[in-house]
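In this note's numbering, the protein residues as written are 3 to 518. For glycine and all other residues, C-beta sits at the position ideal for the given N, C-alpha and C. Shown next, in structure tokens, is the structure this report addresses.
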């Protein structure tokens, strides 16, 4: 992990020489914050962020992913892809067992696929091209697709396609199965205890399929509702790990400067958290393209990055994050240009209506950002009023399209077909979800390009199609992209090798150890 030295509003990276490699030491207890407390830990039924963070160390997927999004072995030790891009054959590890001692086999993979088609919204889409799944023997699984699907090797991450124990869930009501309260996976840690409102305790899996792993004996996930108290818990040594988003951004500089503290922005590459303003394309001033372009030119992204996010993150130049495949850095972007915003505003015919601006209710950092954007908009002549909500209210208003401008951030899952297309294609315009095409943008050419890019086999062909999509979307400005977010993970420097994959803490405890 990289030690960060913080000066003013900027976070500066500093490496003090090259450390001599140390052998991991077994033993020890990791104390981490989980915020907010997850609603449950059955990863096949719940996919919210805190659930994935804890349960990603209980369950496993067939594959893991590096920070450059390259697939790595998980419960599959190797895999092959047919030349036509339609057949994927996985060889499973042969010594994996469930936490209750039953063997993990190909039958569990087949069962998991059918289970998740019913319970997991992203899995349903990710598996839509799967024509059949077969198990020619207990340690081989063959996925046959109806047509090539370029990002298919990216759908096997633990939060996207967790393996579910067939012998526990087959023939039961999945939602009421008692095992949901005591989750059973194959992962490096086993569920031990949950004291609601206080902590979740995981213990080492002594029969884990990787010899010598995990190194830690236990993980305590501490539930601390108050943000200031979470910061104090790190300062006093009650906790050693603050995963991304655990503390307010304005506390990051102070905590990062503590003696023995380390911080990294890594571990979010697979998710590529991308923030923007939903602009309601259906009605009012935001239905006008020139007005939407004016909004994009009015926003000072560098101020937001440097002051509100303490230098962590980078301005977003379009719909695809720089950590997501097929991003093109050469495409144009909206710079901070109030004069251009005013000219476009005049061109749009805006008559001074007051627009409702809906912040994300995730704490003071987001409130400050909303206030800064409100000021940016009013500086160019766009009248706004902030609409206060709680999380449930924000979900309801965005799901019902009851807004003019609304903050959000979503994950991209490494490939535009998995995490980007859903926000722009017209088939995803449907009330009831705050995570699809909430803005109501519809362009048949964009729909067609996204569909073709998803099934193209050649990376070059996919790149060309996504380049075209990005250019069109940047011109149409269906939303105002803000920042590629970084959520810094802060730890004691004695915690080693916690963030080693593209999903960071979510599956990182397998390799983590404590220097003593």
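Out of the options, which one is the CA nearest neighbour of residue i?
i	options	result
residue 453	350, 232 and 153	153
residue 220	212, 339, 204 and 232	204
residue 247	456, 44 and 55	55
residue 249	364, 73, 338 and 278	364
residue 387	377, 396, 102 and 215	377
residue 292	218, 349 and 409	349
residue 431	284, 315 and 57	284
residue 130	88, 137, 143 and 109	88
residue 505	147, 52, 480 and 206	52
residue 467	511, 418, 489 and 372	418
residue 346	67, 308, 287 and 309	287
residue 268	374, 64, 486 and 408	486
residue 416	79, 274 and 369	274
residue 396	383, 410 and 384	410
residue 124	236, 97 and 160	160
residue 180	427, 405, 44 and 493	44
residue 146	99, 83 and 216	83
Per DSSP, what kind of secondary structure is residue i in: helix, strand or coil?
i	result
residue 166	coil
residue 380	helix
residue 372	helix
residue 272	coil
residue 2	Nothing can be reported for residue 2, as the shown portion of the chain is limited to 3 through 518.
residue 143	strand
residue 409	strand
residue 191	strand
residue 281	strand
residue 498	strand
residue 104	coil
residue 218	coil
residue 45	coil
residue 363	coil
residue 503	coil
residue 446	helix
residue 310	helix
residue 123	helix
For the alpha helix (DSSP H) containing residue i, name the first residue and the last one.
i	result
residue 397	393 to 401
residue 476	461 to 478
residue 184	Per DSSP, residue 184 belongs to no alpha helix (DSSP H) and is neither H nor E.
residue 51	51 to 57
residue 291	291 to 300
residue 255	254 to 258
Assuming residue i is part of the beta strand (DSSP E), what are its boundary residues?
i	result
residue 90	89 to 94
residue 426	No beta strand (DSSP E) contains residue 426, which DSSP labels as neither H nor E.
residue 486	481 to 486
residue 80	78 to 83
residue 263	263 to 266
Considering only DSSP beta bridges, list what residue i is partnered with.
i	result
residue 358	387
residue 224	35 and 201
residue 67	73
residue 132	147
residue 319	In DSSP, residue 319 forms no bridge with anything.
residue 244	492
residue 196	202
residue 99	105
residue 516	497
At a cut-off of 8 Å, is residue i close to the ligand GTP when judged by its beta-carbon and the heavy atoms of the ligand?
i	result
residue 316	Inclusion of the ligand GTP in the displayed structure is not the case, the ligand content being empty and no account of it being possible.
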